[in-house]
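Novice: Dropping the structure in here first, questions after.
Numbering (the working numbering), first residue to last: 3 to 90.
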């Protein structure tokens with residue numbers, strides 16, 4: 003899973019959590035977390051990304067680039083109804 007660094011940083015800052023605080027709560031190196039937020043770490047171990055999500059209290063989809071689009075509750079976006087075919 004690929005972390006979405008800007009999303010991690012935005013959520014962390016919205017929670018008034020410093021990198022040092024995130025480091026203390028996850029046990030991950032502060033420099034490593036900073037590089038993750040800047041998009042310099044493309045494939046961290048899944049458990050490391052889960053630790054960050056757990057500390058930030060958000061679902062993984064909120065801080066990762068996932069191919070399947072879903073909201074923060076894991077629901078898929080609604081699909082558009084197909085246009086009715088013209089009977090003529």
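Heads up, the beta-carbon is just placed ideally off N, CA and C, and yes, glycines get one too.
Quantities reported herein were computed from a predicted structural model and do not represent experimental measurements.
Which one of 16, 44, 50, 18 has the shortest CA to CA distance from residue 31?
Specialist: 50
Novice: Can you tell me which of the three DSSP states residue 8 falls into?
Specialist: helix
Novice: Is it right to say residue 42 is buried, meaning 16 or more other beta carbons lie within 10 angstroms of its own, or is it exposed?
Specialist: exposed
Novice: Taking all protein chains shown into account, decide if residue 14 is buried (16 or more other Cβ within 10 angstroms of its Cβ) or exposed.
Specialist: Counting other Cβ atoms within 10 Å of its Cβ, residue 14 reaches 16 or more and is therefore classed as buried.
Novice: Do you know offhand how far residue 58's Cα is from residue 34's?
Specialist: Each residue's alpha carbon lies about 17 angstroms from the other.
Novice: Once you ignore the five residues that flank residue 7 on each side, which residues in its own chain have a CB closer than 7 angstroms to its CB?
Specialist: 38, 39, 40, 41
Novice: For residue 66, write down the residues that DSSP places opposite it in a beta bridge.
Specialist: 5
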